[in-house]
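**Q** Chains as they are written, first to last, in my numbering: chain X, 1 to 158; chain C, 1 to 158.
Number of protein chains: 2
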Amino acid sequence: MKNTIKMAMVAAGALAVSAGVTLAQYESDREQIVDLLESYETALNASDTDAVLTLYAPDGVFMPQHSPSQIGAVAVRRAYDNVFTAITLDVEFQVEEVHQMSPEWAFARTNSVGFVTINASGDRAPEANQELFIFNKSADGEWKIARYAFSTINPPRQ
Amino acid sequence: MKNTIKMAMVAAGALAVSAGVTLAQYESDREQIVDLLESYETALNASDTDAVLTLYAPDGVFMPQHSPSQIGAVAVRRAYDNVFTAITLDVEFQVEEVHQMSPEWAFARTNSVGFVTINASGDRAPEANQELFIFNKSADGEWKIARYAFSTINPPRQ
């Protein structure tokens, strides 16, 4: 993830103008967002619902593949609990882009690759997904996941 | 789709303040975005790649399930051509929310339900997806799809 972060930082100058944010603030926001993505990766690989929930806005929406959209902290918590009961993830996120749209809104596009273990059977299989995150800065200045959708990039199982 | 649009319009006042956009501009932007979603639905059901492409920003990213992210107009066009060669869609979009994040950025979350026909076999099956769109207003004032991800909400096939 480190190399991608560095690449992303280079582009900060050009984007800062359009977002109406000072460059210093922009770089600080960007760093916080990349940190958030790293924390998300860690929480996911640890099957840690509590840690995941600290990264979401209270009214955040989680849009997991094979499930209706989960709206708000209670539903998001239940959804991650279900995921972590069913599977154990061992994945690495690659940050493809972080784009700040306003002082309070940003999005990131990532890819993740690794392995998924089906807890019931112990079967382990390769996993590869693409992710689209929308982040909102809370009143106390912390970036949180506002909306999050992902899908597999692998072909359908035959 | 109509009822959802009306509901969404009621919330415009509260959101306009945070986005730093006048209410009149906000409502106009919102209407254009909902129109865009309707045009997308129409283009999808008509398997019309050209029509889809008019709705995307030139550097837009399409993140279809079971495929890597498609970046930029050439890749987006090829991806939709592939989709429309493989399947024919008959789906209806329900707009769950439209949220303007700044004068130039907005997102929408939708659900779509209907049927998919596999062109090779003629088999027809129910289809249900969730979608996350990020829109960008172009220099000439037109809203375009900047990023778009979706995934099925149906359980995995056994």
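Positions of the beta carbon are idealized from the N, C-alpha and C atoms, including for glycine.
Which residues does DSSP pair with C/His99 in a beta bridge?
**A** Residue numbering aside, residue 99 of chain C sits at position 99 when the second sequence is read from its first letter. Its beta-bridge partners are C/Phe107.
**Q** Hey, is X/Phe62's beta-carbon within less than 7 Å of any beta-carbon in chain C?
**A** Working through the first sequence from its first residue, we reach residue 62 of chain X at position 62. No, X/Phe62 does not count as interfacial toward chain C.
**Q** What does the alpha-carbon distance come out to for the pair C/Gly60 and X/Glu97?
**A** Translated into positions along the second sequence, residue 60 of chain C becomes position 60. Translated into positions along the first sequence, residue 97 of chain X becomes position 97. Whole-angstrom Cα-Cα distance: 13 Å.
**Q** Decide if X/Val76 is buried, meaning its Cβ has at least 16 other Cβ atoms within 10 Å, or exposed.
**A** The residue you call residue 76 of chain X lines up with position 76 of the first sequence. It counts as buried.
**Q** In the stretch 23-94 of chain C, which residue ranges form an unbroken beta strand (DSSP E) of at least 3 residues, counting only runs that do not cross its ends?
**A** Fully enclosed beta strand (DSSP E) runs of 3 or longer: 56-63.
**Q** At a CB-CB cut-off below 7 Å, which residues of chain X make contact with C/Leu132?
**A** The residue you call residue 132 of chain C lines up with position 132 of the second sequence. The contacting residues are Met63, Leu132, Arg147, Ala149.
**Q** Flag C/Thr4 as yes if its beta-carbon sits less than 7 Å from any beta-carbon of chain X, otherwise no.
**A** As a first step, residue 4 of chain C is located in the second sequence; it is residue number 4 there, counting from the start. Confidence at C/Thr4 is low in this model, with a pLDDT of 46, below 50, so its placement is unreliable and no value can be given for it.
**Q** With a cut-off of 7 Å, does the C-beta of C/Ser112 fall near any C-beta of chain X?
**A** Start at 1 with the first residue of the second sequence, and residue 112 of chain C comes out as number 112. No, no contact with chain X.
**Q** Return the residue from the list C/Thr49, C/Asp123, C/Leu55, C/Asp48 that minimises the CA-CA distance to C/Glu142.
**A** Position 142 of the second sequence, counting from 1, holds the residue named residue 142 of chain C. Answer by Cα proximity: C/Leu55.
**Q** What's the C-alpha gap between X/Leu53 and C/Asn119?
**A** The count along the first sequence starts at 1 and reaches residue 53 of chain X at position 53. The count along the second sequence starts at 1 and reaches residue 119 of chain C at position 119. If I take the Cα positions, the gap works out to 42 Å.
**Q** To the nearest angstrom, how far is the alpha carbon of X/Leu23 from that of X/Ala86?
**A** Reading the first sequence from its first residue, position 23 is the one you call residue 23 of chain X. Reading the first sequence from its first residue, position 86 is the one you call residue 86 of chain X. Distance between the alpha carbons of X/Leu23 and X/Ala86 is about 43 Å.
**Q** Would X/Thr152 pass as a contact of X/Thr117 if the rule is Cβ separation under 7 Å?
**A** As a position in the first sequence, residue 152 of chain X is number 152, starting the count at 1. As a position in the first sequence, residue 117 of chain X is number 117, starting the count at 1. For X/Thr152 and X/Thr117, no; Cβs fall outside 7 Å.
**Q** Count the other CB atoms, across all protein chains shown, that sit within 10 Å of the CB of C/Pro126; report buried if there are 16 or more and exposed otherwise.
**A** Here the question's residue 126 of chain C lines up with position 126 in the second sequence. Answer is exposed; the Cβ neighbour count stays below 16.
**Q** What does C/Ile87 touch in chain X if you count any residue whose Cβ is under 7 Å from its own?
**A** Along the second sequence, one-based indexing puts residue 87 of chain C at 87. Those do not exist, as C/Ile87 stays about 12 Å from chain X at its closest Cβ, beyond 7 Å.
**Q** Nearest to X/Asp140 by CA position, among X/Gln65, X/Val95, X/Glu104, is which residue?
**A** If you number the first sequence from 1, residue 140 of chain X lands on position 140. X/Asp140 has its Cα closest to that of X/Glu104, out of X/Gln65, X/Val95, X/Glu104.
**Q** Buried or exposed for C/Val95, going by 16 or more other Cβ atoms inside 10 Å?
**A** By 1-based counting over the second sequence, the position of residue 95 of chain C is 95. So C/Val95 ends up on the buried side.
**Q** Based on DSSP bridge pairs, tell me the residues matched to X/Arg147.
**A** As a first step, residue 147 of chain X is located in the first sequence; it is residue number 147 there, counting from the start. For X/Arg147, which the question treats as bridged, DSSP gives the partners X/Val61, X/Ile134.
**Q** To which residues of the same chain is C/Ile33 closer than 7 Å at the C-beta, ignoring the five residues directly before and after it?
**A** What you label residue 33 of chain C is simply residue 33 of the second sequence in a count that begins at 1. Excluding sequence neighbours, C/Ile33 sits near Val98, Ala106, Ala108, Phe135, Trp143.
**Q** Can you tell me whether X/Glu131 is buried or exposed, with buried defined as 16 or more other CB within 10 angstroms of its CB?
**A** Translated into positions along the first sequence, residue 131 of chain X becomes position 131. Buried.
**Q** Less than 7 Å between the beta carbons of C/Ser69 and X/Ser102, yes or no?
**A** By one-based count along the second sequence, residue 69 of chain C stands at place 69. By one-based count along the first sequence, residue 102 of chain X stands at place 102. Contact: no.
**Q** At a CB distance below 9 Å, what residues from the stretch 44-75 of chain C approach chain X? Give them in sequence order.
**A** Hits within the stretch, in order: Val61, Met63, Pro64, Gln65, His66, Ser67, Pro68, Ser69, Ile71.
**Q** By Cβ distance below 6 Å, which residues in the same chain neighbour C/Ala73 in space, the five residues on each side in sequence not counted?
**A** Translated into the one-based positions of the second sequence, residue 73 of chain C becomes position 73. Counting only Cβ-Cβ distances below 6 Å, and skipping sequence neighbours, we find Pro58.
**Q** Give the DSSP-derived three-state secondary structure of X/Glu142 in the structure shown.
**A** One-based indexing of the first sequence puts residue 142 of chain X at position 142. Coil.
**Q** Kindly indicate if chain X contains any beta-carbon less than 7 Å away from that of C/Trp143.
**A** Position 143 of the second sequence, counted from the first residue, corresponds to residue 143 of chain C. No, its Cβ sits nowhere closer than 7 Å to a Cβ of chain X.
**Q** Near X/Leu37, what residues of its chain come up, given a Cβ to Cβ distance below 7 Å and the 5 sequence neighbours on each side ignored?
**A** As a first step, residue 37 of chain X must be located in the first sequence, where it is residue number 37. These residues qualify, in order along the chain: Phe93, Val95, Ala108, Thr110.
**Q** According to DSSP, simplified to helix, strand and coil, what is C/Pro155?
**A** In the second sequence, residue 155 of chain C corresponds to position 155, counting from 1. Here C/Pro155 sits in coil by DSSP.
**Q** Nearest-angstrom Cα distance between C/Glu50 and X/Ser47?
**A** Position 50 of the second sequence holds residue 50 of chain C. Position 47 of the first sequence holds residue 47 of chain X. Per the sequence shown, the amino acid found at residue 50 of chain C is Asp instead of Glu. Cα to Cα, C/Asp50 sits roughly 43 Å from X/Ser47.
**Q** Mind pulling the chain C residues with CB within less than 9 Å of X/Ser28?
**A** Here residue 28 of chain X refers to the residue found at position 28 when the first sequence is read from its first residue. Those within 9 Å of X/Ser28 in chain C number zero; the least Cβ separation is about 19 Å.
**Q** Say whether chain C places a C-beta atom closer than 7 Å to the C-beta of X/Pro156.
**A** Position 156 of the first sequence, counted from the start, is the residue given in the question as residue 156 of chain X. Answer yes: the Cβ-Cβ gap between X/Pro156 and chain C drops below 7 Å somewhere.
**Q** Against X/Arg78, what residues of chain C qualify as contacts under a CB-to-CB distance less than 7 Å, listed in chain order?
**A** For this step, residue 78 of chain X is matched to residue 78 along the first sequence. The premise fails here: X/Arg78 is roughly 16 Å from chain C at the closest Cβ pair, so nothing lies under 7 Å.
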